[in-house]
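What follows is the structure in structure tokens.
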């Protein structure tokens, strides 16, 4: 499962996140960084540790614009950010819940 985390992390250097505004980074998190793991989530249930690593990459890219979030840079609780936009969230896909829904 480390190759999955590495493939998501390998996408980050190609984008200059520090030059993007938060809306642009949110679009990339929603379209690319959330889409890559979904194919793996269809096949099997990865451990929570792997999902936490992927969420850490997403948080780091979204808030400070770095590859990894070391804490203190997040503006909103991650569970709140994963809520649908209709309910005041940012519409980011919660990987754990998405994987559970895909395997039902």
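In this note's numbering, the protein residues as written are 64 to 167. Even for Gly, the Cβ is constructed at its ideal location relative to N, Cα and C. A quick note: this is a predicted structure, and the numbers were derived from the prediction, not measured.
- Message: Within a Cβ cutoff of 7 Å, which residues of the same chain sit near residue 70, ignoring the five residues on either side of it in sequence?
- Response: Closer than 7 Å at the Cβ level, and outside the excluded window around residue 70, lie 99.
- Output yes if chain D places a C-beta closer than 8 Å to the C-beta of residue 97; else output no. This model lacks chain D altogether, as it is built from one protein chain only.
- Query: Between residue 103 and residue 67, is the Cβ-Cβ spacing less than 8 Å?
  - Reply: Their beta carbons are under 8 Å apart, which means residue 103 touches residue 67 by this criterion.
- Query: Are the beta-carbon atoms belonging to residue 81 and residue 123 less than 8 Å from one another?
  - Reply: No. Outside cutoff.
- Query: Quick one, are the C-beta atoms of residue 114 and residue 159 less than 8 Å apart?
  - Reply: In contact: residue 114 and residue 159 (Cβ atoms closer than 8 Å).
- Query: residue 144: buried (16+ other C-beta within 10 angstroms of its C-beta) or exposed?
  - Reply: Under this definition residue 144 is a buried residue.
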